[in-house]
Each structure stands twice: as C-alpha cells, then as structure tokens.
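Novice:
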Amino acid sequence: KNNSIEAAKKLAKLLQENPKQKVIFLVGAGISTSCGIPDFRSPETGLYHNLSKLNLPYAEAVFDIDFFEEKPRPFYLLASELYPGKFKPSRFHLLLKLFQDNKRLQRIYTQNIDTLERQAGISQEYIIEAHGSFAENHCINCKKIFKMDVFKEHLNKYQKDPSDKNFARCNSCNGLIKPNIVFFGEDLPKKFFTTWDSDLETMSEKETRPIVIVVGTSLTVYPFANLPTDVQKDTTRALISREIVGDFKVSPRKTDIIIETNSDDAADIIARELGWSKQLNNLIKE
Ligand code: OAD
Ligand code: ZN
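Counted the way my numbering counts, the sequence shown spans residues 3 to 288.
(1) So, under 8 angstroms CB-CB, V184 and H133 are touching, yes? Tell me the CB distance rounded to an integer number of Å.
(2) Candidates T238, L282 and E245: which alpha carbon is nearest L17's?
(3) For P181 and S54, what's the separation of their Cα atoms in angstroms?
(4) Using a threshold of 7 angstroms, is the CB atom of S34 nearer than that to any non-hydrogen atom of the ligand ZN?
(5) Classify K105: buried if its beta carbon has 16 or more other beta carbons within 10 angstroms, exposed otherwise.
(6) So is V216 buried or exposed if we call it buried at 16+ other beta carbons inside 10 Å?
(7) Which runs of the beta strand (DSSP E), 3 residues or longer, sit entirely within the segment 181-259?
(8) What is the C-beta distance between S265 and I286, in whole angstroms, given that I count them as a contact (C-beta under 8 angstroms)?
(9) Going by C-alpha distance, which of D199, T196 and R75 is nearest H290?
(10) Give a single yes or no on whether G218 has its beta carbon closer than 7 angstroms to a heavy atom of the ligand ZN.
(11) Roughly how many whole angstroms lie between the Cα atoms of I33 and G218?
(12) Just the Cα atoms here: how many angstroms apart are P212 and D151?
(13) Hey, out of C175, F136, S82 and I124, whose CA is closest to F101's CA?
(14) Provide the residue span of the beta strand (DSSP E) that contains K102, from first to last.
(15) For R239, is the beta carbon positioned less than 7 angstroms from some heavy atom of the ligand OAD?
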C-alpha cells in the first residue's frame, strides 16, 4: 500500500518534470467497478462468475457470435446489466477529463462498452472504443445497420418480461440484430489499428514521446493485451491495478511504474500531486 503511494507520486513527478509530455491511457473494466458496473474476471464479483448461473458452455460464450445466434438470451441479460445511462463516471474517469482539460491527454484506448469516458466529458477525438459500443447495431446475417433504439426497445421488453421470446430482428432478413460490440472472432474497429500505429510513431522521438498508463484491465483479451508489449522500450509504462498483469508480469521493464491499488485512490494521489485536487472535486460536485 505504502509502495503504491510512492509509485503514484513518482509517476506524478515525471509528469510534472515534463510539462509538455502527453499520456496514452489503456483502460479496462476496473476503472468502472466503483460506478457499480461489475468487471468480467474478478472472482465472486465478476460478470463471468455470475453468468455461470445461466448454464453457458463457458462464460465467454456470451460474447460468441454462433452462441448468440442460437441463444441470444444470455447476451440480453448481460446487456441489461451494462447498458449505458444509469451509471455515473468514477473519480478516475474525471481524472481522465482533467488530463484533457490540462492538455496532457494524447489518447484513451478503452475496452469498456459503458461509454463513461464520453459521459465524463472527454471529446471523441481522444477516445478509441476498442470493443465497440451500444451506439449502433447491425443484423448479424445481412449486416444491415440499425439505430441504437432498435435494440434498446427489445432490451426494455426483455427487462420487463425475461420470458419474452421476441428478440430484435432485421426487417429485411429476420436475422438477429446485435449492438456493435466486438464479439470473440470479430474484428476490432479499423480506427483502433490506425490510431495505435500513429500513436506508436510518437514514441520514436523524444519530443513527442508520451507516457503509457495501463489501468484496470486483466490484459487477457487480444489484440488489446498486446498494446503494452508494443510500447517502445524508451517509453515509460505505468500500471494502475489491483493486480500485476500481462506484460508487466511476464516481461517487466526496469522503468515500469507499478501502482498496485484501486484506480480511484490512485486518481486522488495523482490529482493532489499535480495540483488538480480542486478541479477534481469540482467535477465530482457537478
Ligand atoms: P477484467 O475483468 O478481465 O479485468 C479487470 C481488471 O481490473 C482485473 O485485473 C481487476 O483486478 C482490476 N480491477 C478491478 N477493480 C479495480 C479497481 N477499482 N481499481 C483497479 N483495478 C481494478 O476486465 P477487462 O480486462 O476490461 O469484452 O476485460 C477485457 C474484455 O473482456 C472486455 O472488454 C470484455 C471481456 O470479454 C467485451 O466487452 C467485448
Ligand atoms: Zn438482415
């Protein structure tokens, strides 16, 4: 615990000593657990643990396209847990907003589908939703595109009556309509790859080199889990998490900064060290 405070201070000091340096954040479900949204893989509280009640062949089947085609119900259950609108950004999300406001933000790559980065007021140019979102839908059969509401209406019906057999279906081919969330076996948005390539380039010059901070992800899902490995050796990496994961565990670097704590606690320390506590408190009050 003491170590994590020292590490957070060290990260803040680096940021202070290099006032022009920007930050790339790579985030996952851990930054939203304090908002009341469960993560996926934490024992007991994670969604995959709790989905085991549904007799899934394996927990991740809920994000499997073939399984969805046969049995859409488990995904509807998961979607009704995660659907945006009823949650508020965490202190960590608001810290991200302060990185934007203070011109220190280069990018946020998020695996989350809760859209809390947008809700925190971060502008779209900084956000890469690597695993998509509920903002648009498509027919899994003919790929026709549908507005957000088409799925939402059926989800509402499902929430009122989980035995309802009607799912959102395509008016052209009767295929199932699914939000543009990236399922296993589906491609990530093109923008994810092109933006990461250009962000990688900024790491090769000292003047543009960012710091990369990984937060609240188990780094188990690829290709996202490869990003910290891709980071050039001259670029400082930091990890804020309850556990040491992925490349930080397998191939630790001498320069890695490990902050093993809750993301909101880390946000408080970093904000305080950077002199942003007042700004953070103002955002919390809003
Ligand atoms: P996981 O549930 O796999 O990992 C969350 C990580 O955050 C774990 O390492 C936790 O220990 C840590 N954690 C939890 N609460 C925290 C907190 N308050 N502060 C700091 N750390 C905390 O979630 P992801 O890595 O995001 O796919 O999962 C990746 C993908 O797997 C998701 O995007 C999802 C899922 O299949 C889709 O939604 C398509
Ligand atoms: Zn169709």
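Ideal placement from N, C-alpha and C gives every residue a C-beta, glycine not left out.
Since the model is a prediction, treat every value here as computed from it, not as a measurement.
Specialist: In brief:
(1) For the purposes of this step, residue 184 is taken as residue 182 along the sequence shown, with counting starting at 1. For the purposes of this step, residue 133 is taken as residue 131 along the sequence shown, with counting starting at 1. About 4 angstroms; that satisfies the 8 angstroms criterion.
(2) Numbered from its first residue, the sequence shown carries residue 17 at position 15. If we check each option's Cα against that of L17, T238 comes out closest.
(3) Within the sequence shown, numbered from 1, the residue matching residue 181 stands at position 179. Within the sequence shown, numbered from 1, the residue matching residue 54 stands at position 52. The C-alpha of P181 lies about 23 angstroms from the C-alpha of S54.
(4) Indexing the sequence shown from 1 puts residue 34 at position 32. Checking every heavy atom of the ligand ZN against the Cβ of S34, none is found closer than 7 angstroms.
(5) If you number the sequence shown from 1, residue 105 lands on position 103. Exposed, because fewer than 16 other Cβ atoms sit within 10 Å of the Cβ of K105.
(6) Translated into the one-based positions of the sequence shown, residue 216 becomes position 214. V216 is buried by the Cβ-count criterion.
(7) Those beta strand (DSSP E) runs which fall completely within the segment 181-259 and span 3+ residues are 213-217 and 239-242.
(8) Reading the sequence shown from its first residue, position 263 is the one you call residue 265. Reading the sequence shown from its first residue, position 284 is the one you call residue 286. Not confirmed; about 15 angstroms, so no contact.
(9) With the chain running from 3 to 288 in the structure shown, residue 290 is simply not present.
(10) Reading the sequence shown from its first residue, position 216 is the one you call residue 218. No, the Cβ of G218 stays beyond 7 angstroms of every heavy atom of the ligand ZN.
(11) What you label residue 33 is simply residue 31 of the sequence shown in a count that begins at 1. What you label residue 218 is simply residue 216 of the sequence shown in a count that begins at 1. Distance between the alpha carbons of I33 and G218 is about 5 angstroms.
(12) Counting from one through the sequence shown, the residue named residue 212 turns up at place 210. Counting from one through the sequence shown, the residue named residue 151 turns up at place 149. Inter-residue distance for P212 and D151 is about 39 angstroms (C-alpha atoms, whole angstroms).
(13) Along the sequence shown, read from residue 1 onward, the residue named residue 101 stands at position 99. Checking every option, the nearest Cα to that of F101 belongs to I124.
(14) Numbered from its first residue, the sequence shown carries residue 102 at position 100. The residue you asked about is not Lys; residue 102 is Gln in the sequence shown. Q102 -> not in any beta strand (DSSP E); alpha helix (DSSP H) instead, spanning R93 to D103.
(15) As a working mapping, residue 239 is identified with position 237 in the sequence shown. Taking non-hydrogen atoms of the ligand OAD into account, the C-beta of R239 is found less than 7 angstroms away from none of them.
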